[in-house]
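In what follows, a structure is listed as C-alpha coordinates, so that the remarks can point back to it.
Shown next as C-alpha coordinates:
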(Lines of atoms letter the chains of each structure in order from A; the text may use other names.)
(Lines give C-alpha, C1' and ligand atoms only; values in the text may rest on other atoms or scores of the structure.)
Protein backbone atom coordinates (compact mmCIF):
# COMPACT_ATOMS: atom_id res chain seq x y z
CA UNK A 11 0.00 0.00 0.00
CA UNK A 12 2.81 2.42 0.88
CA UNK A 13 4.63 1.79 -2.38
CA UNK A 14 1.50 2.33 -4.49
CA UNK A 15 0.76 5.53 -2.55
CA UNK A 16 4.20 7.00 -3.26
CA UNK A 17 4.19 5.91 -6.92
CA UNK A 18 0.79 7.44 -7.67
CA UNK A 19 1.41 10.56 -5.61
CA UNK A 20 4.81 11.36 -7.07
CA UNK A 21 3.95 10.69 -10.71
CA UNK A 22 0.61 12.51 -10.53
CA UNK A 23 2.34 15.55 -9.03
CA UNK A 24 4.64 15.66 -12.04
CA UNK A 25 1.71 15.25 -14.43
CA UNK A 26 -0.19 17.97 -12.54
CA UNK A 27 2.78 20.32 -12.84
CA UNK A 28 2.97 19.75 -16.60
CA UNK A 29 -0.74 20.42 -17.11
CA UNK A 30 -0.71 23.43 -14.76
CA UNK A 31 2.24 25.06 -16.52
CA UNK A 32 0.67 24.35 -19.90
CA UNK A 33 -2.82 25.67 -19.15
CA UNK A 34 -1.47 28.71 -17.30
CA UNK A 35 0.75 29.60 -20.25
CA UNK A 36 -2.11 29.17 -22.72
CA UNK A 37 -4.33 31.42 -20.61
CA UNK A 38 -1.69 34.14 -20.18
CA UNK A 39 -0.94 34.18 -23.92
CA UNK A 40 -4.62 34.44 -24.91
CA UNK A 41 -4.72 30.90 -26.29
CA UNK A 42 -7.33 29.54 -23.92
CA UNK A 43 -9.24 28.09 -26.86
CA UNK A 44 -6.58 25.34 -26.94
CA UNK A 45 -7.33 24.16 -23.40
CA UNK A 46 -10.12 21.75 -24.52
CA UNK A 47 -7.51 20.03 -26.69
CA UNK A 48 -5.27 19.68 -23.63
CA UNK A 49 -8.18 18.29 -21.61
CA UNK A 50 -9.03 15.73 -24.29
CA UNK A 51 -5.40 14.61 -24.48
CA UNK A 52 -5.16 14.24 -20.69
CA UNK A 53 -8.34 12.13 -20.59
CA UNK A 54 -7.05 9.93 -23.41
CA UNK A 55 -3.75 9.52 -21.54
CA UNK A 56 -5.59 8.41 -18.40
CA UNK A 57 -7.61 5.82 -20.33
CA UNK A 58 -4.51 4.55 -22.13
CA UNK A 59 -2.57 4.19 -18.87
CA UNK A 60 -5.48 2.45 -17.11
CA UNK A 61 -5.86 -0.08 -19.92
CA UNK A 62 -2.11 -0.77 -19.93
CA UNK A 63 -2.00 -1.16 -16.15
CA UNK A 64 -4.93 -3.56 -16.14
CA UNK A 65 -3.31 -5.66 -18.86
CA UNK A 66 0.11 -5.83 -17.19
CA UNK A 67 -1.35 -6.77 -13.80
CA UNK A 68 -2.73 -9.95 -15.38
CA UNK A 69 0.71 -11.59 -15.34
CA UNK A 70 0.65 -12.24 -11.59
CA UNK A 71 2.08 -15.61 -10.48
CA UNK A 72 4.15 -15.86 -13.66
CA UNK A 73 7.72 -15.44 -12.33
CA UNK A 74 9.39 -15.09 -15.73
CA UNK A 75 7.07 -12.28 -16.86
CA UNK A 76 7.13 -10.67 -13.42
CA UNK A 77 10.92 -10.64 -13.47
CA UNK A 78 11.11 -9.12 -16.94
CA UNK A 79 8.52 -6.47 -16.04
CA UNK A 80 10.43 -5.59 -12.88
CA UNK A 81 13.65 -5.06 -14.85
CA UNK A 82 11.79 -2.97 -17.44
CA UNK A 83 10.30 -0.87 -14.64
CA UNK A 84 13.73 -0.43 -13.06
CA UNK A 85 15.29 0.77 -16.32
CA UNK A 86 12.37 3.08 -17.16
CA UNK A 87 12.14 4.66 -13.72
CA UNK A 88 15.90 5.13 -13.36
CA UNK A 89 16.32 6.72 -16.80
CA UNK A 90 13.38 9.11 -16.44
CA UNK A 91 14.45 10.04 -12.91
CA UNK A 92 17.94 10.93 -14.10
CA UNK A 93 16.36 13.00 -16.87
CA UNK A 94 14.22 14.88 -14.35
CA UNK A 95 17.22 15.54 -12.10
CA UNK A 96 19.17 17.00 -15.02
CA UNK A 97 16.35 18.87 -16.77
CA UNK A 98 13.81 19.63 -14.05
CA UNK A 99 14.57 23.36 -14.09
CA UNK A 100 13.92 23.52 -17.83
CA UNK A 101 10.48 21.91 -17.74
CA UNK A 102 8.55 25.19 -18.01
CA UNK A 103 10.65 26.58 -20.86
CA UNK A 104 10.45 23.26 -22.72
CA UNK A 105 6.66 23.26 -22.44
CA UNK A 106 6.44 26.87 -23.61
CA UNK A 107 8.66 26.11 -26.61
CA UNK A 108 6.56 23.11 -27.62
CA UNK A 109 3.36 25.14 -27.38
CA UNK A 110 4.84 27.93 -29.49
CA UNK A 111 6.02 25.40 -32.05
CA UNK A 112 2.55 23.87 -32.34
CA UNK A 113 0.99 27.33 -32.54
CA UNK A 114 2.98 28.12 -35.68
CA UNK A 115 0.54 25.85 -37.52
CA UNK A 116 -3.13 26.44 -38.20
CA UNK A 117 -6.41 24.59 -37.92
CA UNK A 118 -6.44 20.86 -37.30
CA UNK A 119 -2.65 20.49 -37.41
CA UNK A 120 -2.19 22.95 -34.54
CA UNK A 121 -4.62 21.02 -32.33
CA UNK A 122 -3.19 17.65 -33.40
CA UNK A 123 0.39 18.64 -32.55
CA UNK A 124 -0.65 20.02 -29.15
CA UNK A 125 -2.73 16.89 -28.48
CA UNK A 126 0.24 14.66 -29.29
CA UNK A 127 2.64 16.72 -27.17
CA UNK A 128 0.37 16.56 -24.12
CA UNK A 129 -0.24 12.86 -24.77
CA UNK A 130 3.49 12.16 -24.67
CA UNK A 131 4.10 14.26 -21.54
CA UNK A 132 1.16 12.95 -19.51
CA UNK A 133 1.19 9.38 -20.81
CA UNK A 134 4.84 9.13 -19.82
CA UNK A 135 3.80 9.55 -16.20
CA UNK A 136 0.77 7.31 -16.68
CA UNK A 137 2.84 4.53 -18.23
CA UNK A 138 5.33 4.77 -15.36
CA UNK A 139 2.45 4.42 -12.91
CA UNK A 140 0.97 1.50 -14.85
CA UNK A 141 4.24 -0.43 -15.03
CA UNK A 142 5.30 0.23 -11.45
CA UNK A 143 1.88 -0.58 -9.99
CA UNK A 144 1.79 -3.75 -12.08
CA UNK A 145 5.10 -4.84 -10.55
CA UNK A 146 3.89 -3.93 -7.05
CA UNK A 147 0.64 -5.83 -7.65
CA UNK A 148 2.57 -9.04 -8.29
CA UNK A 149 3.36 -9.25 -4.58
CA UNK A 150 0.41 -7.33 -3.10
CA UNK A 151 -3.35 -7.79 -3.04
CA UNK A 152 -5.69 -5.64 -5.10
CA UNK A 153 -7.22 -3.94 -2.06
CA UNK A 154 -3.86 -2.60 -0.88
CA UNK A 155 -3.07 -1.29 -4.36
CA UNK A 156 -6.45 0.45 -4.65
CA UNK A 157 -6.25 1.99 -1.18
CA UNK A 158 -2.69 3.20 -1.67
CA UNK A 159 -3.47 4.58 -5.12
CA UNK A 160 -6.61 6.27 -3.81
CA UNK A 161 -4.69 8.01 -1.05
CA UNK A 162 -2.02 8.96 -3.58
CA UNK A 163 -4.66 10.58 -5.79
CA UNK A 164 -6.21 12.35 -2.80
CA UNK A 165 -2.81 13.62 -1.65
CA UNK A 166 -2.12 14.96 -5.15
CA UNK A 167 -5.43 16.84 -5.18
CA UNK A 168 -4.72 18.34 -1.75
CA UNK A 169 -1.16 19.30 -2.71
CA UNK A 170 -2.40 20.77 -5.99
CA UNK A 171 -4.95 22.91 -4.15
CA UNK A 172 -2.37 24.10 -1.62
CA UNK A 173 0.14 24.88 -4.36
CA UNK A 174 -2.47 26.68 -6.43
CA UNK A 175 -3.43 28.89 -3.49
CA UNK A 176 -0.01 29.24 -1.83
CA UNK A 177 2.55 28.29 -4.47
CA UNK A 178 5.21 30.39 -2.72
CA UNK A 179 5.17 27.91 0.17
CA UNK A 180 6.03 24.78 -1.81
CA UNK A 181 8.83 24.37 -4.32
CA UNK A 182 7.35 21.69 -6.57
CA UNK A 183 10.47 21.71 -8.73
CA UNK A 184 12.56 20.89 -5.67
CA UNK A 185 10.03 18.26 -4.63
CA UNK A 186 10.23 16.50 -7.99
CA UNK A 187 14.02 16.62 -8.05
CA UNK A 188 14.30 15.27 -4.51
CA UNK A 189 11.80 12.48 -5.09
CA UNK A 190 13.61 11.55 -8.30
CA UNK A 191 16.55 10.39 -6.18
CA UNK A 192 14.22 8.19 -4.17
CA UNK A 193 12.66 6.86 -7.37
CA UNK A 194 16.14 5.69 -8.32
CA UNK A 195 16.22 3.80 -5.02
CA UNK A 196 12.83 2.31 -5.90
CA UNK A 197 14.24 1.36 -9.31
CA UNK A 198 17.03 -0.50 -7.49
CA UNK A 199 14.37 -2.36 -5.52
CA UNK A 200 12.57 -3.32 -8.74
CA UNK A 201 15.88 -4.52 -10.16
CA UNK A 202 16.46 -6.77 -7.15
CA UNK A 203 12.89 -8.02 -7.36
CA UNK A 204 13.39 -8.83 -11.05
CA UNK A 205 16.53 -10.82 -10.22
CA UNK A 206 14.62 -12.61 -7.46
CA UNK A 207 11.82 -13.68 -9.82
CA UNK A 208 14.06 -14.64 -12.74
CA UNK A 209 16.40 -16.73 -10.61
CA UNK A 210 13.38 -18.52 -9.15
CA UNK A 211 12.73 -20.08 -12.57
CA UNK A 212 16.47 -20.34 -13.35
CA UNK A 213 16.13 -17.90 -16.24
CA UNK A 214 19.45 -16.07 -15.81
CA UNK A 215 22.29 -17.56 -17.86
CA UNK A 216 25.93 -17.92 -16.75
CA UNK A 217 25.16 -17.47 -13.02
CA UNK A 218 24.28 -19.66 -10.06
CA UNK A 219 20.52 -19.01 -10.02
CA UNK A 220 19.99 -20.78 -6.69
CA UNK A 221 22.63 -18.66 -4.95
CA UNK A 222 21.42 -15.34 -6.38
CA UNK A 223 17.79 -16.22 -5.68
CA UNK A 224 18.66 -16.64 -2.02
CA UNK A 225 20.69 -13.41 -1.93
CA UNK A 226 18.07 -11.30 -3.72
CA UNK A 227 15.36 -12.71 -1.45
CA UNK A 228 17.22 -11.40 1.59
CA UNK A 229 17.39 -7.94 0.02
CA UNK A 230 13.87 -7.79 -1.42
CA UNK A 231 12.02 -9.20 1.59
CA UNK A 232 14.50 -8.19 4.27
CA UNK A 233 15.62 -4.94 5.88
CA UNK A 234 16.89 -3.32 2.67
CA UNK A 235 13.66 -3.77 0.75
CA UNK A 236 11.47 -2.60 3.62
CA UNK A 237 13.71 0.41 4.24
CA UNK A 238 13.38 1.53 0.62
CA UNK A 239 9.58 1.21 0.66
CA UNK A 240 9.15 3.02 3.98
CA UNK A 241 11.61 5.80 3.13
CA UNK A 242 10.09 6.65 -0.25
CA UNK A 243 6.60 6.59 1.32
CA UNK A 244 7.54 8.98 4.12
CA UNK A 245 9.46 11.37 1.87
CA UNK A 246 6.52 13.48 0.58
CA UNK A 247 5.37 14.25 4.11
CA UNK A 248 8.91 15.00 5.26
CA UNK A 249 9.38 17.48 2.41
CA UNK A 250 6.07 19.24 3.09
CA UNK A 251 6.98 19.47 6.78
CA UNK A 252 10.35 20.96 5.80
CA UNK A 253 8.61 23.57 3.61
CA UNK A 254 6.23 24.47 6.44
CA UNK A 255 9.05 24.85 8.97
CA UNK A 256 11.18 26.85 6.54
CA UNK A 257 8.29 29.19 5.73
CA UNK A 258 7.57 29.64 9.44
CA UNK A 259 11.17 30.65 10.09
CA UNK A 260 11.09 33.15 7.22
CA UNK A 261 7.95 34.78 8.63
CA UNK A 262 9.41 34.83 12.13
CA UNK A 263 12.51 36.56 10.85
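Residue numbers (our numbering): 11 to 263.
Beta carbons: idealized from backbone N, C-alpha and C, even for Gly.
Only a predicted model underlies this, so the values are computations on that prediction, with no experimental measurement involved.
Since residue i contacts residue j with CB under 8 Å, what's their CB separation in whole angstroms?
{"i": "residue 80", "j": "residue 145", "result": "5 Å"}
{"i": "residue 73", "j": "residue 207", "result": "5 Å"}
{"i": "residue 56", "j": "residue 33", "result": "Rounded, the Cβ-Cβ distance is 16 Å, inconsistent with contact."}
Measuring straight from C-alpha to C-alpha, what distance separates residue i and residue j?
{"i": "residue 186", "j": "residue 65", "result": "28 Å"}
{"i": "residue 124", "j": "residue 114", "result": "11 Å"}
{"i": "residue 155", "j": "residue 59", "result": "16 Å"}
{"i": "residue 104", "j": "residue 71", "result": "42 Å"}
{"i": "residue 170", "j": "residue 31", "result": "12 Å"}
{"i": "residue 44", "j": "residue 101", "result": "20 Å"}
{"i": "residue 235", "j": "residue 229", "result": "6 Å"}
{"i": "residue 111", "j": "residue 52", "result": "19 Å"}
{"i": "residue 69", "j": "residue 148", "result": "8 Å"}
{"i": "residue 38", "j": "residue 107", "result": "15 Å"}
{"i": "residue 214", "j": "residue 75", "result": "13 Å"}
{"i": "residue 248", "j": "residue 13", "result": "16 Å"}
{"i": "residue 231", "j": "residue 92", "result": "26 Å"}
{"i": "residue 212", "j": "residue 78", "result": "13 Å"}
Identify which residue in the options has its Cα closest to the Cα of residue i.
{"i": "residue 122", "options": "170, 50, 149, 105", "result": "50"}
{"i": "residue 133", "options": "21, 249, 251", "result": "21"}
{"i": "residue 190", "options": "14, 94, 61", "result": "94"}
{"i": "residue 11", "options": "173, 227, 162", "result": "162"}
Less than 7 Å between the CB of residue i and some heavy atom of the ligand GDP, yes or no?
{"i": "residue 155", "result": "Among the components modelled here there is no ligand, and therefore nothing to report on the ligand GDP."}
With 16 as the cutoff for other CB atoms within 10 Å, does residue i come out buried or exposed?
{"i": "residue 203", "result": "buried"}
{"i": "residue 116", "result": "exposed"}
{"i": "residue 251", "result": "exposed"}
{"i": "residue 158", "result": "buried"}
In its own chain, which residues sit with a C-beta less than 7 Å from the C-beta of residue i, not counting the 5 before and 5 after it?
{"i": "residue 62", "result": "137, 140"}
{"i": "residue 98", "result": "183, 186, 187"}
{"i": "residue 210", "result": "73, 223"}
Which same chain residues end up closer than 6 Å to residue i when comparing Cβ atoms and leaving out the 5 residues on each side of it in sequence?
{"i": "residue 87", "result": "193, 197"}
{"i": "residue 23", "result": "166"}
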